[in-house]
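Numbering (my numbering), first residue to last: 350 to 708.
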């Protein structure tokens with residue numbers, strides 16, 4: 350069973366993989382009794398697990414070769430959607446062709462034709478695209494990182510895929526020391542009706558990361574005050590290898606502190622999108638906060654550098670990042686949507702004007 354990283358949550362999550370005290374006691378008793386083998390799944394003749402078939406699957410048109418050595422690569426691949434009408438997507442699954450080299454991926458829709466032009470100008474499949482994909486996307490499905498599975502979007506929300514749009518997969522590759530090949534894709538599931546509301550991303554991030562070799566405790570944080578009433582549906586943390594602890598909480602008007610996510614044993618290989626069992630209403634004036642701790646010492650079993658080396662903020666797997674994304678809907682879109690988007694835009698502008706990374 351894949352590991353379940355959140356501990357002592359202040360909220361419940363969908364699809365939790367946490368064992369109850371009774372289940373743990375049952376396993377302990379089974380081991381103490383000699384771990385006798387029971388009837389196999391075949392003997393019990395259980396039906397196979399039903400996996401819904403996607404409504405459409407798009408795959409990179411030809412394999413891409415990732416060189417054995419060198420810097421991490423950011424590559425964009427253009428795939429014609431061939432949609433003859435606009436469709437609403439309420440679920441998707443990114444399918445990495447080679448999990449060894451795929452660090453993460455983002456999925457965009459392009460109507461400008463810019464992706465096709467950049468692809469035609471570049472040598473080989475796709476085109477280099479660190480940062481932005483080289484155009485203003487008309488929509489995005491979000492992203493994938495190791496540990497993610499098929500994602501169903503919160504009830505009443507969906508992403509509009511325009512008629513005739515191109516799908517652009519932006520994939521971050523990390524060389525492994527030998528030549529690798531990848532041909533990734535994405536499966537999508539269409540909504541039966543248009544969405545009731547838009548799902549928005551409140552990104553708490555920090556680029557103030559500069560961790561000396563051997564430093565066992567380094568911390569970054571970020572916050573955002575919600576200017577309007579919103580409802581939280583899911584939360585998505587992201588960091589790399591020397592991160593050890595991730596915490597996210599909301600301070601409600603009046604001072605009540607609500608824990609939303611706590612991970613004390615961060616593992617880059619088991620990242621997830623944590624959807625709340627019950628959506629959490631966050632009134633205007635709520636302060637969203639995140640805090641991430643890093644351990645760049647030999648005591649960190651997941652530190653890829655032995656002996657440790659200085660680690661700073663950056664896009665490569667050997668660099669570090671810090672992010673906790675709060676996906677919300679605005680309770681009253683007609684009245685408040687513009688206020689929230691303006692506040693988020695202001696936050697992004699302020700973040701680009703910060704100085705050098707510091708503790």
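All residues carry an ideal CB built from backbone N, CA and C; glycine is no exception.
In DSSP terms, what residue i is bridged to
i           : result
residue 425 : 476, 519
residue 586 : 673
residue 550 : 676
residue 535 : 407, 443
residue 355 : 612
residue 371 : Paired residue(s): none; residue 371 is not in a bridge.
residue 492 : 455
residue 662 : 669
residue 568 : 642
residue 573 : 637
residue 413 : 531
residue 559 : 661
residue 525 : Paired residue(s): none; residue 525 is not in a bridge.
Alpha carbon of residue i to alpha carbon of residue j, nearest angstrom
i           : j           : result
residue 529 : residue 700 : 36 Å
residue 636 : residue 482 : 32 Å
residue 688 : residue 679 : 10 Å
residue 657 : residue 568 : 17 Å
residue 518 : residue 470 : 17 Å
residue 367 : residue 619 : 14 Å
residue 683 : residue 416 : 50 Å
residue 570 : residue 495 : 23 Å
residue 435 : residue 463 : 20 Å
residue 387 : residue 377 : 15 Å
residue 363 : residue 613 : 20 Å
residue 655 : residue 450 : 21 Å
residue 625 : residue 360 : 7 Å
residue 709 : residue 425 : This structure cannot settle anything about residue 709, because the visible part of the chain is limited to 350 through 708.
residue 694 : residue 427 : 28 Å
residue 661 : residue 588 : 12 Å
residue 537 : residue 621 : 18 Å
residue 600 : residue 557 : 23 Å
residue 402 : residue 412 : 24 Å
residue 477 : residue 384 : 53 Å
residue 422 : residue 408 : 19 Å
residue 399 : residue 442 : 16 Å
residue 380 : residue 585 : 36 Å
residue 509 : residue 523 : 31 Å
residue 550 : residue 405 : 25 Å
residue 603 : residue 638 : 16 Å
residue 369 : residue 676 : 28 Å
residue 448 : residue 521 : 11 Å
residue 526 : residue 475 : 22 Å
residue 501 : residue 542 : 15 Å
residue 531 : residue 414 : 7 Å
residue 572 : residue 696 : 10 Å
residue 431 : residue 396 : 36 Å
residue 686 : residue 382 : 59 Å
residue 352 : residue 468 : 39 Å
Buried or exposed (CB count within 10 angstroms, at least 16 for buried), residue i
i           : result
residue 438 : buried
residue 490 : buried
residue 669 : buried
residue 645 : buried
residue 433 : exposed
residue 554 : buried
residue 535 : buried
residue 707 : Below a pLDDT of 50, predicted positions are generally treated as unreliable, and residue 707, at 38, falls in that range; the measurement from the model is reported next regardless. That one is exposed.
residue 515 : buried
residue 373 : exposed
residue 583 : buried
residue 371 : exposed
residue 485 : exposed
residue 544 : buried
residue 640 : buried
residue 356 : exposed
residue 705 : Residue placement at residue 705 cannot be trusted, given a pLDDT of 42 that sits under 50; the coordinates are not used to answer.
Cβ separation of residue i and residue j, assumed to be a contact under 8 Å, to the nearest whole Å
i           : j           : result
residue 629 : residue 581 : 4 Å
residue 561 : residue 659 : 6 Å
residue 540 : residue 492 : Contact doesn't hold; Cβ gap of about 20 Å is too wide.
residue 593 : residue 611 : With a Cβ gap of about 12 Å, residue 593 and residue 611 do not count as contacting.
residue 445 : residue 533 : 5 Å
residue 552 : residue 634 : Going by Cβ atoms, the distance from residue 552 to residue 634 rounds to 20 Å, so no, they are not a contact pair.
residue 681 : residue 559 : So it is not a contact: roughly 42 Å between Cβ atoms.
residue 591 : residue 643 : 5 Å
residue 665 : residue 420 : 7 Å
residue 505 : residue 546 : 6 Å
residue 511 : residue 457 : Between residue 457 and residue 511 the Cβ distance is about 12 Å, and since that is not below 8 Å, they are no contact.
residue 606 : residue 615 : Incorrect: roughly 22 Å between the Cβ atoms, too far for contact.
Worksheet item: Along the chain, which unbroken stretches of the beta strand (DSSP E) at least 3 residues long are found entirely within the segment 592–640?
Response: The segment 592–640 is shown to contain whole beta strand (DSSP E) runs of 3 or more residues at 592–600, 606–612, 623–631, in chain order.
Worksheet item: Can you list, in chain order, the stretches of the beta strand (DSSP E) that have 3 or more residues and sit fully within the segment 421–468?
Response: Taking only runs of at least 3 residues, the beta strand (DSSP E) segments lying wholly in the segment 421–468 are 422–429, 436–444, 451–459.
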